[in-house]
Amino acid sequence: MTKKLFIQTYGCQMNLADSEEMAAHLLSRGYSLTENLDEADLALVNTCTVRDHAEHRALSFLGRLRQWKREKDGRHILFAGCAAQRLGEKLKKTFPYLDLVSGARDIDHFADLLDKSGLFSLQHGGDLPAKGVTGYVTIMRGCDFACTYCIVPSVRGPVHCLPSKDICARAAQKAKEGFPEIMLLGQTVNAWKEEGKTFADLLNEVSALPGVQRVRFVSPHPAFITPQFLQVVENNPKIARHIHLPAQSGSTKVLQEMKRGYTREILLEKIRALKARGFAISTDLIVGFPTETQEDFEQTLTLVEEAGFSAAYCFKYSPRLGTPAAQMPLLREKVLEERLDILLNKVRGLADDAYAAHVGKEIEILMESPHKGRSSDNFWAQTKKSYTIGTIVKTVAEASDGTLLFTRD
Ligand code: SF4
Numbered sequence: 287m288t289k290k291l292f293i294q295t296y297g298c299q300m301n302l303a304d305s306e307e308m309a310a311h312l313l314s315r316g317y318s319l320t321e322n323l324d325e326a327d328l329a330l331v332n333t334c335t336v337r338d339h340a341e342h343r344a345l346s347f348l349g350r351l352r353q354w355k356r357e358k359d360g361r362h363i364l365f366a367g368c369a370a371q372r373l374g375e376k377l378k379k380t381f382p383y384l385d386l387v388s389g390a391r392d393i394d395h396f397a398d399l400l401d402k403s404g405l406f407s408l409q410h411g412g413d414l415p416a417k418g419v420t421g422y423v424t425i426m427r428g429c430d431f432a433c434t435y436c437i438v439p440s441v442r443g444p445v446h447c448l449p450s451k452d453i454c455a456r457a458a459q460k461a462k463e464g465f466p467e468i469m470l471l472g473q474t475v476n477a478w479k480e481e482g483k484t485f486a487d488l489l490n491e492v493s494a495l496p497g498v499q500r501v502r503f504v505s506p507h508p509a510f511i512t513p514q515f516l517q518v519v520e521n522n523p524k525i526a527r528h529i530h531l532p533a534q535s536g537s538t539k540v541l542q543e544m545k546r547g548y549t550r551e552i553l554l555e556k557i558r559a560l561k562a563r564g565f566a567i568s569t570d571l572i573v574g575f576p577t578e579t580q581e582d583f584e585q586t587l588t589l590v591e592e593a594g595f596s597a598a599y600c601f602k603y604s605p606r607l608g609t610p611a612a613q614m615p616l617l618r619e620k621v622l623e624e625r626l627d628i629l630l631n632k633v634r635g636l637a638d639d640a641y642a643a644h645v646g647k648e649i650e651i652l653m654e655s656p657h658k659g660r661s662s663d664n665f666w667a668q669t670k671k672s673y674t675i676g677t678i679v680k681t682v683a684e685a686s687d688g689t690l691l692f693t694r695d
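Numbering (our numbering), first residue to last: 287 to 695.
Rendered as structure tokens:
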């Protein structure tokens, strides 16, 4: 009987891709996947540490696994990802029943780690079942920025770009497995480069692979929205017209204190250039950074108006131990809450407006189920007719309810 692997992933899409990669190694060692923890022999917990809350959730799940492990002989627990990287082997003091810790930076040596542990013998295993239409391909790890509120550089380390030939081989494999959409992943994904090649060149290469119909990427940094990038996307319709561009604040002063590497004016200039090329732009915003004044906060509100985001994910600033900003005095919680409320009210209607703007227009949707697909600019649409999953359908949006477009056919 094959052993069963249960995976619990916290955090971003990069973690989902890392879970997939770790799962592939475990499947090649004879495991098969289960979504039921009770029937699992191995629990893989892939963790996030960007916010305190995410780390606590992972640790509390790990705490619950103590009883799970006791219930059946031969069960193992593997704790991986960013929280594993930050806390390291000392986790085993608090959780002595933990079998293996694999930090986010260990992903490239994950197979060696499994071999050295002696817990996972190499047997013939199965493949990961294809799920959805999007194949995730990590193209770089780490970050060379030093945003003062962010723990990622100290956890994931400096940028390490994967070679384009490996990226293309992986993307081609994904397309062959039946994923027409490729999502390129990296902490600052558009900072990817190699000798003589930029991220824009890579986008062209990946989109030209057989079977690839659409290419997305996450998370880009505004600093790398270059004229070459804009020119490439203009001429390449396979590059999705949606970008999640974290702005974080609308105040140049706060952006400088955050060490984001751009001003409000530069950001708005890039946003205008992207919108002129048909991009829908979603963003992340932080309220209550320690030095944020009322005037700074109001600049974030006006940024929302000027930028015309299609969606904005808003967060209250929360300090991460070990970051420079964590040493600054915090604003009062009441101020943070009030600002978050005001900002949430401001962004509430964004999706409604962005969906409504598509009504009466032609859209191209990549079908993710027989009646549902996603447009290049990332809006969900429901069709009357049934279509094959993975095909691109050209149609017209007739109506919208703010979460869905309803098409003519
Ligand atoms: S760009 Fe800034 S926020 Fe993003 S991962 Fe790097 S340090 Fe963190």
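Positions of the beta carbon are idealized from the N, C-alpha and C atoms, including for glycine.
Quick one: is the Cβ of glutamine 353 within less than 7 angstroms of any heavy atom of ligand 1? no
Contacting residues, own chain, Cβ-Cβ under 8 angstroms from glutamate 551 (five flanking each side not counted): The beta carbon of glutamate 551 lies closer than 8 angstroms to those of Thr538 in the same chain, with the five residues before and after it left out.
My output table needs one value for lysine 451: the three-state DSSP class, helix, strand or coil. helix
C-alpha gap between glycine 564 and lysine 658, whole angstroms: Approximately 22 angstroms, taken between the alpha carbons.
If you compare alpha carbons, which of Val387, Asp487 and Pro532 is closest to asparagine 522? Asp487
Are glycine 443 and proline 466 close, meaning C-beta to C-beta below 8 angstroms? no
Nearest-angstrom beta carbon gap, tyrosine 548 and alanine 509 [assumed within contact, 8 angstroms]: Between the beta-carbon of alanine 509 and that of tyrosine 548 there is about 6 angstroms, and that keeps the pair under the 8 angstroms contact cut.
Nearest to glycine 574 by CA position, among Leu553, Tyr435, His530 and Gly421, is which residue? Residue Tyr435 is the option with its Cα nearest to glycine 574.
Since phenylalanine 583 is in the alpha helix (DSSP H), which residue starts that stretch and which ends it? 580-593
Return the residue from the list Gly389, Arg625 and Val679 that minimises the CA-CA distance to glutamine 580. Arg625
Under the three-state DSSP convention, the category methionine 614 falls into: coil
contact_flag[the region 451-461, the region 346-365] where n(CB pairs < 8 angstroms) is 3 or more: no
What residue range does the alpha helix (DSSP H) around tyrosine 641 cover? 636-642
Contact under 8 angstroms by Cβ, valine 501 with leucine 470: The Cβ atoms of valine 501 and leucine 470 lie closer than 8 angstroms to each other.
Which two residues bound the contiguous alpha helix (DSSP H) that contains isoleucine 557? 550-562
Helix, strand or coil for lysine 545? Go by DSSP, reduced to three states. coil
Go through its chain and collect everything with a Cβ distance to leucine 302's Cβ below 6 angstroms, but skip five positions before and after it. Thr295
Compare the C-alpha of lysine 290 against each of Glu306, Gly297, Cys298 and Leu313 and name the closest. Leu313
beta-carbon cysteine 436 near ligand 1 non-hydrogen atom, thresh 7 angstroms: yes
Does the beta-carbon of proline 439, which I'm using as the reference point, lie nearer than 7 angstroms to any heavy atom of ligand 1? yes
Provide the residue(s) that pair with alanine 667 in DSSP beta bridges, ordered along the chain. Gly659 and Leu691
Assign glutamate 543 to one of two classes, buried (16 or more other C-beta atoms within 10 Å of its C-beta) or exposed (fewer than that). buried
Short Cβ contact (8 angstroms threshold) for glycine 367 with cysteine 334: yes
Threonine 474 CB to nearest heavy atom of ligand 1 below 7 angstroms: yes
Here's the rule: buried if 16 or more other CB atoms are within 10 angstroms of the residue's CB, otherwise exposed. What is arginine 527? buried
Take the Cβ of proline 449 as the centre, count every other Cβ of all protein chains shown within 10 Å, and call the residue buried at 16 or more, exposed below. Counting Cβ neighbours within 10 Å, proline 449 comes out exposed, since fewer than 16 surround it.
Should histidine 507 be counted as a contact of ligand 1 given a C-beta to heavy atom distance under 7 angstroms? yes
Which first and last residues belong to the alpha helix (DSSP H) in which histidine 342 is found? 338-356
Please determine, among Arg391, Ile393, Gly349 and Asp398, the residue with the shortest C-alpha to C-alpha distance to leucine 377. Gly349
Give the secondary structure of threonine 674 by DSSP, where H, G and I count as helix, E and B as strand, and everything else as coil. coil
Rounded C-alpha distance that separates lysine 545 from threonine 577: 13 angstroms
Less than 7 angstroms between C-beta atoms, sequence neighbours within five positions excluded: which residues of the same chain meet that for isoleucine 529? These residues qualify, in order along the chain: Pro506, Leu560, Phe565 and Ile567.
Of all the beta strand (DSSP E) runs that stay within the bounds of the region 432-486, which reach a length of 3 or more residues? 467-471
Give every residue of the same chain whose Cβ lies closer than 8 angstroms to the Cβ of glutamine 597, excluding the five residues on either side of it in the sequence, and list them in chain order. Reading off the sequence, residue 597 comes out as alanine, not glutamine. Cβ within range, chain order: Ser568, Thr569, Val633, Leu636, Ala637 and Ala640.
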